[in-house]
Amino acid sequence: MVAMIHWDPARPAEWINDHIAMVHAISNVYLVAGEDGDVVINSGTEQQGARIREKFEELLGRPLDIRKLVFTQNHTDHIGGRRAFADPQTEVLAQAMTRQLVDERRMREFLHPPLYERHFGQDGRREPAGGYARNLP
Numbered sequence: 001m002v003a004m005i006h007w008d009p010a011r012p013a014e015w016i017n018d019h020i021a022m023v024h025a026i027s028n029v030y031l032v033a034g035e036d037g038d039v040v041i042n043s044g045t046e047q048q049g050a051r052i053r054e055k056f057e058e059l060l061g062r063p064l065d066i067r068k069l070v071f072t073q074n075h076t077d078h079i080g081g082r083r084a085f086a087d088p089q090t091e092v093l094a095q096a097m098t099r100q101l102v103d104e105r106r107m108r109e110f111l112h113p114p115l116y117e118r119h120f121g122q123d124g125r126r127e128p129a130g131g132y133a134r135n136l137p
């Protein structure tokens, strides 16, 4: 696997400047830390989300206060870990068609499980059973 996208649960989050941190994941996740709350950009996969959050909190030495969760695209390596970051005060920002695209992905899984498994893994589940669409704007 290419080192830059290798997921290492033990690798800590790192600062990339004085207020932006990053966790190396299949799709990197970023944190913009601020006095008025934190912004998380992308969330990793469903399997990575909770550990990514832990890494940011370990780096900061405090719990995250997530005010905004921003998705740069709707692929599962960007939105899969969203539940680990969905605090009650968190506003989710995504492309206008994200809900539709995620629903379509779930429908493909339902209609064509072998095809879905070939593209998304043996377990065929890169999204939580309830899906993401109902939780996205």
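Take the sequence shown: its position 17, counting from 1, is numbered 17 in full-length UniProt numbering, and each next residue is one higher. The beta carbon of each residue, even a glycine, is placed where N, CA and C say it ideally should be.
- Q48 sits close to W7, with the two beta carbons spaced by under 8 angstroms.
- Between the beta-carbon of F56 and that of L31 there is about 5 angstroms, and that keeps the pair under the 8 angstroms contact cut.
- The Cβ-Cβ distance between S43 and H19 does not fall below 8 angstroms.
- Nearest to I26 by C-alpha distance, out of A94, G81, A86, D103, is G81.
- In this structure, K68 is the residue among W15, K68, E58 with its C-alpha nearest to the C-alpha of A86.
- In this structure, the alpha-carbon of Q89 lies about 7 angstroms from that of I66.
- In this structure, R11 is the residue among D103, E104, R11 with its C-alpha nearest to the C-alpha of E54.
- In its chain, beyond the 5 residues on either side, V32, K68 have a beta carbon closer than 6 angstroms to the beta carbon of V39.
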